[in-house]
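Enquirer:
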Amino acid sequence: MIPEKLLEILKQDGVAAIATLGEDGPHLVNTWNSYIRICEEGRILIPAGYMNRTEANVAFNPEVLITVGSSKVQGLHGPGAGFLIKGDAAFVTSGPDFDLLKSKFSWLRATLAVTPISVTQTW
418 MIPEKLLEIL KQDGVAAIAT LGEDGPHLVN TWNSYIRICE EGRILIPAGY
468 MNRTEANVAF NPEVLITVGS SKVQGLHGPG AGFLIKGDAA FVTSGPDFDL
518 LKSKFSWLRA TLAVTPISVT QTW
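Positions 418 to 540 (the numbering used here) are the ones given, in order, by the sequence shown.
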């Protein structure tokens, strides 16, 4: 379900935005494209150092939206490609998804694991 073009974007410098919806309304947090990993099962794994409000929102409503992009990757209409990912998320603090990221990011306190529902190239 993870397109090759998305994997190419994740290798480039860039910012990924993660949107959640909680009791207090919407919230947006960013991370770096290069921090995101895809596990063998196709979950999107994002290291969480803080993301406390994101975690509270995911506990309230697990649906997330993530956007990623890079001007260095050829897109649908020329230079630049981007994706919108819709999925269900959970914060995990043990197990393989946590261990995979903890080995790369010593500052990690949890892994935001997102099971994609749809992955759409937007640009």
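Glycine included, every Cβ here is placed at the ideal spot set by N, Cα and C.
1. Out of Ile419, Pro479, Thr539, state which residue places its alpha-carbon closest to the alpha-carbon of Gly486.
2. Where Glu480 and Asn474 are concerned, what is the direct C-alpha to C-alpha distance, given to the nearest angstrom?
3. So what's Arg454 in DSSP terms, helix, strand or just coil?
4. So, at 6 Å on beta carbons, what are the nonlocal neighbours of Phe515 in its own chain, with the 5 sequence-adjacent residues on each side left out?
5. How about Ile502 and Pro464: do their beta carbons lie closer than 7 Å?
6. Quick one, which of Pro513, Ile453, Lys519 has its alpha-carbon nearest Asp430's?
7. Cα separation between Gly439 and Asn478?
8. How would you call Thr448, buried or exposed, if buried means at least 16 neighbouring beta carbons within 10 angstroms?
9. Below 8 Å on the Cβ atoms is my contact criterion, and I expect Leu423 with Phe500 to pass it. Report the Cβ-Cβ distance as a whole number of Å.
10. Check Leu423 in the structure and name its three-state DSSP category.
11. Residues bridged to Gly499 by DSSP?
12. Straight-line CA distance for Cys456 to Glu421?
Expert: Taking the structure as given:
1. Cα-wise, what sits closest to Gly486 is Thr539.
2. Looking at the backbone, the Cα of Glu480 and that of Asn474 are separated by about 9 Å.
3. In the structure shown, the three-state DSSP call for Arg454 is strand.
4. Here the set comprises Val509, Thr528.
5. Not in contact: Ile502 and Pro464 (Cβ atoms no closer than 7 Å).
6. Ranked by Cα distance from Asp430, the first of Pro513, Ile453, Lys519 is Ile453.
7. Distance between Gly439 and Asn478, taken at the CA atoms: about 6 Å.
8. It is buried - the Cβ of Thr448 has at least 16 other Cβ atoms within 10 Å.
9. About 5 Å separates the beta carbon of Leu423 from that of Phe500, a gap short enough to meet the 8 Å contact definition.
10. Judged by DSSP in its simplified three-state form, Leu423 adopts helix.
11. Residue pairing by DSSP places Gly499 opposite Gly486 in a beta bridge.
12. C-alpha of Cys456 to C-alpha of Glu421: approximately 14 Å in a straight line.
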